[in-house]
Amino acid sequence: MSGRGIRTRIGAVATASLVGLGATLTTGPVAAHAAGPDPLAQYTDALLYSTPLPTFSDVRRQRPLPAELDWGSDGCSWSPDRPVGYNFLPGCHRHDFGYRNYKRQQRFTAASRRKIDANMKKDHYGTCGADFACRRIADLYYNAVRKFGGPSFAAARAALDAEIARQEAGRRGPG
Numbered sequence: 139m140s141g142r143g144i145r146t147r148i149g150a151v152a153t154a155s156l157v158g159l160g161a162t163l164t165t166g167p168v169a170a171h172a173a174g175p176d177p178l179a180q181y182t183d184a185l186l187y188s189t190p191l192p193t194f195s196d197v198r199r200q201r202p203l204p205a206e207l208d209w210g211s212d213g214c215s216w217s218p219d220r221p222v223g224y225n226f227l228p229g230c231h232r233h234d235f236g237y238r239n240y241k242r243q244q245r246f247t248a249a250s251r252r253k254i255d256a257n258m259k260k261d262h263y264g265t266c267g268a269d270f271a272c273r274r275i276a277d278l279y280y281n282a283v284r285k286f287g288g289p290s291f292a293a294a295r296a297a298l299d300a301e302i303a304r305q306e307a308g309r310r311g312p313g
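So this is what it looks like as structure tokens:
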């Protein structure tokens, strides 16, 4: 099967999944809970953990269920989106999707954060293939989100901003 045929098939499967999810979501929360696990959470998890990264990027461009899912992203935050030419942006988009939607769905815990972060590393490794240098950069990105992502990030960023302001004030000298 050609690449185009595969993409068409994946698109059809994604569309069918979205239609099915939309039908489930419109039946209301009582029916959804009576039927089993939350379909929006299941769909979020499928996009995060079961969907190939290029397919996730295709779905992200369509931005389905905008009232239910947060598709926003700041890319790779304060790190380059394409360090030394490696395109980490799609993995960062999926990472942001995970954080934002787990928070929105009130499922963001230390364990889910670890899993979302590990998935970003896996996505970046997929971008790298066997390239050793690229994988070391992916490790740096992973370690950065482990250290600065999540709830501790705001405090770390505030401390960094305060230190920068202090140093800049010291360079200017007295008023």
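Every position in the sequence shown, counted from 1, becomes a number in this note's numbering once 138 is added. Glycine included, C-beta positions come from ideal geometry on N, C-alpha and C.
Output yes or no for whether 8 Å exceeds the beta carbon distance between residue i and residue j.
i	j	result
Ala276	Tyr263	yes
Asp219	Gly210	no
Arg232	Asp261	yes
Cα separation between residue i and residue j?
i	j	result
Gly267	Asn281	19 Å
Pro204	Leu178	12 Å
Gln200	Asp269	31 Å
Leu278	Ala256	12 Å
Ile254	Gly287	11 Å
Arg245	Arg252	13 Å
Arg273	Asp196	24 Å
Trp216	Lys285	13 Å
Helix or strand or just coil, what does DSSP make of residue i?
i	result
Glu206	coil
Tyr224	coil
Pro175	coil
Thr189	coil
Gly308	helix
Ala169	Any reading at Ala169 is ruled out, since the residue's pLDDT is 41, under 50, leaving its predicted position unreliable.
Gly229	helix
Ser195	helix
Ala303	helix
So that I know if they touch, is there some Cβ in chain B lying closer than 8 Å to that of residue i?
i	result
Gln180	Absence of chain B from the displayed structure is noted, only one protein chain being present.
Discussion item. At 3 residues or longer, what runs of the beta strand (DSSP E) sit wholly inside the stretch 232–284?
Written reply: Counting only runs of 3+ residues, no beta strand (DSSP E) is found wholly inside the stretch 232–284.
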